[in-house]
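Residue numbers (the UniProt record's numbering): 1 to 384.
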Ligand SMILES: Cc1ncc(COP(=O)(O)O)c(C=O)c1O
């Protein structure tokens with residue numbers, strides 16, 4: 001199954017199982033077991049305990065390895081567990097990490113934990129400013145560089161190829177949180193990253209029914225490391241959840257295209273409304289990095305921000321809307337809205353929010369798969 005386009009691999013998940021099912025089942029069985037009998041196995045690969053290895057999980061890990069273009073993968077029980085596993089693998093006490101200032105609130109909270117408990121030194125920077133980035137890399141022994149692209153919720157596009165070059169120039173490993181774009185749109189490892197990690201809770205499973213994540217390593221050596229620490233810390237995903245995640249995977253491409261197309265129409269509609277002061281969507285020409293977004297991503301995710309003229313109006317809209325749920329997370333079939341300053345980024349100070357371009361009245365939209373006319377009618381009635 002080498003050299004296939006991503007969507008072909010996604011349509012044949014069972015072929016990534018470590019061995020063939022006796023009846024050629026289209027859905028590889030869920031090996032819902034804690035242990036395996038060593039006496040019953042004589043192959044090269046031996047299974048002993050599901051925390052370390054499980055055939056059902058291995059199928060998904062093989063698939064993610066192939067579609068991200070890496071050497072190995074660990075599927076984790078949540079998306080943030082893949083970030084934690086990255087930190088556990090690369091960082092030690094007094095390590096230094098450089099992170100794009102606009103990062104997911106949960107990553108920010110985890111960095112605080114590593115800082116307070118293990119004395120990890122955390123540097124934040126604007127990764128679109130290469131001078132600032134290089135200045136920090138030159139003057140500090142950075143072990144790990146981490147960013148998302150697009151960033152969440154600021155929706156900045158990071159030039160992953162350039163950041164990979166800069167990180168490696170100063171001997172730092174580079175990791176990309178690919179949750180928003182997903183491997184159907186961009187492949188960070190092909191652009192030079194050492195790790196690509198993502199929350200499969202979002203677009204990859206696509207139905208908002210389960211939380212999970214994964215991390216893919218570029219080299220065999222790094223792959224061995226993530227497997228070692230995943231087993232040591234019990235980070236791996238249970239087989240039942242692997243099955244739930246795999247149900248949505250074959251339709252990722254068509255869902256991403258649909259999320260993109262509907263969200264562009266909604267963003268353009270909002271841009272014309274007098275009560276909206278700014279819309280930030282990387283697929284709109286008004287986005288300052290529109291060209292880079294188009295170059296780096298095949299499909300642009302259906303997540304964008306709209307700044308309402310006041311917090312009161314943003315709250316009124318959310319209160320009155322009948323279709324948009326007030327929910328965190330993104331990538332589900334149902335459209336969602338949230339005020340980052342109050343929910344997903346509540347742990348950010350006012351100054352930190354301003355630095356990443358988030359205002360009090362900023363509403364983050366995650367557009368689902370509903371009918372466009374219904375969504376627009378709902379927005380119109382909600383702000384009246
Ligand atoms: C960019 C990003 N990374 C990681 C995570 C964490 O994923 P999970 O909620 O599956 O733990 C999230 C969750 O919202 C996210 O937005």
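Don't be surprised by glycine CBs; every beta carbon is placed ideally from N, CA and C.
Because the structure is a prediction, the values reported are computed rather than measured.
DSSP-derived helix/strand/coil call for residue i
i	result
residue 306	strand
residue 22	coil
residue 31	coil
residue 175	strand
residue 271	helix
residue 296	helix
residue 97	strand
residue 362	strand
residue 367	coil
residue 278	strand
residue 148	strand
residue 349	coil
residue 9	helix
residue 185	coil
residue 236	strand
residue 17	coil
residue 156	coil
residue 180	coil
residue 260	helix
residue 142	coil
residue 356	coil
residue 382	helix
residue 241	helix
residue 250	helix
residue 137	helix
residue 164	helix
residue 375	helix
residue 397	No answer is possible for residue 397: it lies beyond the span of the chain, which begins at 1 and ends at 384.
residue 291	helix
Cβ-Cβ separation, residue j to residue i (assumed contact under 8 Å), whole Å
i	j	result
residue 150	residue 180	5 Å
residue 235	residue 303	About 26 Å separates the two Cβ atoms, so there is no contact after all.
residue 91	residue 305	31 Å between Cβ atoms; not a contact.
residue 376	residue 269	6 Å
residue 350	residue 338	18 Å between Cβ atoms; not a contact.
residue 143	residue 173	7 Å
residue 217	residue 226	5 Å
residue 56	residue 242	5 Å
residue 189	residue 213	Actually they are not in contact, since the Cβ atoms of residue 189 and residue 213 sit about 16 Å apart, beyond 8 Å.
Heavy atom of ligand 1 within 7 Å of residue i beta-carbon
i	result
residue 180	yes
residue 335	no
residue 213	yes
residue 380	no
residue 196	no
residue 347	no
residue 176	no
residue 152	yes
residue 206	no
residue 83	yes
residue 203	no
residue 302	no
residue 78	yes
residue 361	no
residue 185	no
residue 148	yes
residue 26	no
residue 199	yes
residue 106	yes
residue 332	no
residue 246	no
residue 329	yes
Beta carbon proximity, residue i to chain D, threshold 8 Å
i	result
residue 259	Absence of chain D from the displayed structure is noted, only one protein chain being present.
Any alpha helix (DSSP H) of 4 or more consecutive residues that is wholly inside the region 190 to 234: If we require 4 residues or more, the alpha helix (DSSP H) runs fully inside the region 190 to 234 come out as 220 to 233.
Completely contained beta strand (DSSP E) runs for the region 306 to 344, where each covers 3 or more residues: Along the region 306 to 344, the beta strand (DSSP E) occurs as fully enclosed runs of 3 or more residues at 336 to 338, listed in sequence order.
Inside the region 109 to 133 only - beta strand (DSSP E) runs reaching at least 3 residues: You should have 121 to 125.
Minimum length 3: unbroken beta strand (DSSP E) runs contained in the region 23 to 93: Runs of the beta strand (DSSP E) lying entirely within the region 23 to 93 and spanning at least 3 residues, in chain order: 72 to 76.
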